[in-house]
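Visitor: Encoded as structure tokens, here's the structure I'll be asking about.
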Amino acid sequence: MLLFLLLLIVAGAAVAVYASQNTATHDVTLWQWHWSAVPDWVPVVLAAAVVGALFLLYMLYSGLVHGVRVGSMRRRVTTRESALNDLRRENQRLREENARVRSELRGMDRGVAATDRGAVAASTAADRPRARTPYRPRPTIGERVRAFFSGREPAGY
2 MLLFLLLLIV
12 AGAAVAVYAS
22 QNTATHDVTL
32 WQWHWSAVPD
42 WVPVVLAAAV
52 VGALFLLYML
62 YSGLVHGVRV
72 GSMRRRVTTR
82 ESALNDLRRE
92 NQRLREENAR
102 VRSELRGMDR
112 GVAATDRGAV
122 AASTAADRPR
132 ARTPYRPRPT
142 IGERVRAFFS
152 GREPAGY
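Sequential numbering of the sequence shown, starting at 2, is according to this note's numbering.
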């Protein structure tokens, strides 16, 4: 677009120089029309004006097409963003519901019959804190390679 505009300006300057250098006149006949004493630069200016007008129409058309494409993409992106936001809200709601259900299930002893032994087991299980295994990070690939080549452990395949 910008290149076409620059070329149009350069062409206009070249036509202006041509018009200032050629001051002679000619008779012009086109089909049934006849003009006398037409300056030499007029046909050149008319041809340049036609090409310039076509360039400007092309720039307007391509700008319009680009605007329509960008607007169409923006509408699609907005639609997809709203769908993603709806999914995020639904996901958050499901996470909260899942956490609520898990907390309710932790409060009752699942799978134990309502007998004296079950009641005693439930009461001792509730009194005792849950034992967790300590967190051990998995070895990285580099650590595994070093351990293999030092002979401390197998490759793990």
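C-beta: ideal position from N, C-alpha, C; glycine also. This structure is a prediction, so every number in the text was calculated from the model and none was measured.
Bridge partners of A31, per DSSP?
Guide: Counting from one through the sequence shown, the residue named residue 31 turns up at place 30. Here the sequence assigns Leu to residue 31, which means Ala is not the residue at that position. W34.
Visitor: Using three-state DSSP, classify T141 as helix, strand or coil.
Guide: Residue 141 sits at position 140 when you count from the first residue of the sequence shown. T141 falls in the coil class under three-state DSSP.
Visitor: Which full runs of the beta strand (DSSP E) of 3+ residues lie inside the segment 13 to 72, going along the chain?
Guide: If we require 3 residues or more, the beta strand (DSSP E) runs fully inside the segment 13 to 72 come out as 26 to 31 and 34 to 40.
Visitor: Could you compute how far the alpha carbon of A15 sits from the alpha carbon of P40?
Guide: Your numbering for residue 15 matches position 14 in the sequence shown. Your numbering for residue 40 matches position 39 in the sequence shown. Approximately 16 Å, taken between the alpha carbons.
Visitor: What does a CB cutoff of less than 6 Å around R77 pick up in its chain, not counting 5 residues either side in sequence?
Guide: Here residue 77 refers to the residue found at position 76 of the sequence shown. Excluding positions up to five away in sequence, the list is empty.
Visitor: For G108, does the three-state DSSP call read helix, strand or coil?
Guide: Indexing the sequence shown from 1 puts residue 108 at position 107. The answer is helix: DSSP assigns G108 an H, G or I state.
Visitor: Nearest CA to the CA of G53: which residue from R89, L6, G152 and P140?
Guide: As a position in the sequence shown, residue 53 is number 52, starting the count at 1. Nearest of R89, L6, G152 and P140 to G53, Cα basis: L6.
Visitor: So, using beta-carbon positions, are W36 and V46 closer together than 9 Å?
Guide: As a first step, residue 36 is located in the sequence shown; it is residue number 35 there, counting from the start. As a first step, residue 46 is located in the sequence shown; it is residue number 45 there, counting from the start. Not in contact: W36 and V46 (Cβ atoms no closer than 9 Å).
Visitor: State the Cα-Cα distance for the pair L58 and A38, rounded to the nearest angstrom.
Guide: Locating residue 58 in the sequence shown gives position 57, where the first residue counts as 1. Locating residue 38 in the sequence shown gives position 37, where the first residue counts as 1. Rounded to the nearest angstrom, the two C-alpha atoms are 32 Å apart.
Visitor: Exposed or buried, A49, counting other C-beta atoms within 10 Å across all chains shown (16 or more means buried)?
Guide: For the purposes of this step, residue 49 is taken as the residue at position 48 of the sequence shown. Buried, because 16 or more other Cβ atoms sit within 10 Å of the Cβ of A49.
Visitor: Taking the alpha carbon of F56 as the reference point, which residue from V102, R103 and G13 has its own alpha carbon closest?
Guide: In the sequence shown, counting from the first residue as 1, residue 56 sits at position 55. When only C-alpha atoms are compared, the closest one is G13.
Visitor: Answer with buried or exposed for W42, where buried requires no fewer than 16 other C-beta atoms within 10 angstroms of its C-beta.
Guide: Taking the first residue of the sequence shown as 1, we reach residue 42 at position 41. Buried, because 16 or more other Cβ atoms sit within 10 Å of the Cβ of W42.
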